[in-house]
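A short worksheet on the structure shown next.
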């Protein structure tokens, strides 16, 4: 393969090519950096690029190959890391002018594990300030564009990672997901977005050690690469009380699925989420095309009542605890949207918080009961299609005014609340050529089943990434 085409390879094929000496890690990193230089002025998917460090890491990776040293599963693969995640020696801004010059001296555990697997960090992907926003943009970098329409958003808040992967700047990028921040950008950018069971990827550095809402995940152009990345960073860590006390998760045989053994349910709106009418029609057409592909295939959903009330309260409490002091000390330097997000939690009482936890508990029990009769639930990964970056927030759907600017995330935050593993996979296109994502949901700890089902859709039905126009 010629050097200009290396960016088209999957992460798995890149690592295999380095191992077998078909090309060097330096070739891969150079191709990534050249593509960033050529395209990212318009995309703004990276907030910081580290060419010198990346090339030095590539040289070391090539020396290990020459020396016959043990190689990790991502050896020589260029990756992006969301700019909410600490990277030693590489600027980490959280998308905020308050941290424009922060250079951490330690890596987040996931970054350390990526490096141990041989991955090479080429830069930090864009994020809205502190990860709050329907679009990915901030005063440091500006808004990340959608590779399929540069006037449209890539989604928030892992939109930098999703756009970078979709456009071939990197084959793989890390993201974070609280209420849909991996799945929504994956849907908008036509890539795979994986949110595993909370605890599958430990996060020992977070302020709230028992927090089960936020988790890390990955954006990739195919299911196999998402699985490869998950395997590289999973495994217990004693500093995270939620980390799963099981050995490192390994990539299963993704093709070992008998679809006729699966009991699949599907729902356009999970019973109550507002969904763009045109998007709903296209999703339901996809569902009709899947009829007969599985052992059982029925339209059904758990009862998702009170998910919005629970998520709104828990999110507000989480944000205020983490950033309340920032609002008090530097509120005049925060964007109005971020200040609003932080201030929402200020007046909450302990009773409010416990009520939300009770609502969340009831929702979990309803999901658990539902999944006794179903193996996989399919729904949309986003309630709207990519909208103009200039719009900022989603304030209405189908002419109905939303109560808050987070209501458009109902189709994803409901799943975050219960902690079931989920994944967005491309499933089609809007009339104007923008991607649509299908969200797959499985039981807790059943990433194997989730990924195999996604792989089946990708392989047999062509639900896969399509390159954006040059």
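Residue numbers (this note's numbering): 126 to 595. By construction, the Cβ of each residue, glycine as well, lies at the ideal position given by its N, Cα and C atoms.
Within 9 Å, strictly: CB atoms of residue i and residue j
i	j	result
residue 228	residue 154	no
residue 329	residue 360	no
residue 252	residue 168	no
residue 431	residue 488	yes
residue 250	residue 278	no
residue 320	residue 302	yes
residue 561	residue 312	yes
residue 530	residue 564	no
residue 355	residue 389	no
residue 184	residue 151	yes
residue 419	residue 541	no
residue 345	residue 298	yes
residue 511	residue 271	yes
residue 417	residue 286	no
residue 200	residue 189	yes
residue 259	residue 550	no
residue 267	residue 291	no
Residue environment, residue i, which counts as buried when at least 16 other CB atoms sit within 10 Å
i	result
residue 516	exposed
residue 142	buried
residue 445	buried
residue 461	exposed
residue 471	exposed
residue 191	exposed
residue 218	buried
residue 525	exposed
residue 365	buried
residue 494	exposed
residue 513	exposed
residue 282	buried
residue 160	buried
residue 254	buried
residue 453	exposed
residue 558	exposed
residue 182	buried
Straight-line Cα distance separating residue j from residue i
i	j	result
residue 318	residue 527	26 Å
residue 293	residue 347	12 Å
residue 532	residue 543	17 Å
residue 576	residue 456	42 Å
residue 136	residue 552	21 Å
residue 211	residue 467	22 Å
residue 407	residue 414	11 Å
residue 411	residue 224	44 Å
residue 173	residue 203	14 Å
residue 133	residue 476	52 Å
residue 384	residue 324	28 Å
residue 595	residue 394	34 Å
residue 197	residue 399	44 Å
residue 371	residue 409	38 Å
residue 481	residue 434	7 Å
residue 296	residue 350	8 Å
residue 485	residue 447	21 Å
residue 340	residue 209	12 Å
residue 451	residue 257	14 Å
residue 496	residue 425	11 Å
residue 232	residue 213	5 Å
residue 178	residue 490	48 Å
From the options, residue whose alpha carbon lies closest to that of residue i
i	options	result
residue 499	486, 421, 341 and 328	421
residue 162	350, 231, 248 and 184	248
residue 180	149, 192, 191 and 450	149
residue 443	366, 334, 503 and 385	334
residue 241	184, 379, 492 and 357	357
residue 401	221, 282, 522 and 469	522
residue 338	399, 439, 289 and 479	439
residue 404	555, 189 and 234	555
residue 566	558, 546, 550 and 519	546
residue 235	255, 441 and 207	207
residue 463	220, 131 and 391	220
residue 570	281, 458, 373 and 453	373
residue 478	441, 453, 164 and 352	441
residue 176	483, 496, 157 and 266	157
residue 140	353, 304, 230 and 254	353
residue 579	381, 591 and 331	381
residue 597	501, 194, 592 and 589	Here the chain has residues from 126 to 595 only, and residue 597 is not among them.
residue 590	490, 195, 273 and 171	273
residue 585	396, 379, 534 and 496	379
residue 396	178, 233 and 492	492
residue 343	239, 232, 171 and 231	239
residue 170	592, 187, 548 and 265	265
residue 538	166, 568, 304 and 243	304
Residue-chain proximity (residue i, chain B), Cβ-Cβ < 9 Å
i	result
residue 502	No chain B is present in this structure, which holds just one protein chain.
Residue i: CB within 8 Å of a non-hydrogen atom of the ligand MN
i	result
residue 277	What this structure holds is no ligand at all, so the ligand MN is not there to describe.
Under 8 Å: do the stretch 295–315 and the stretch 498–507 share three or more Cβ pairs, one atom per stretch?
Yes: at least three Cβ pairs fall under 8 Å.
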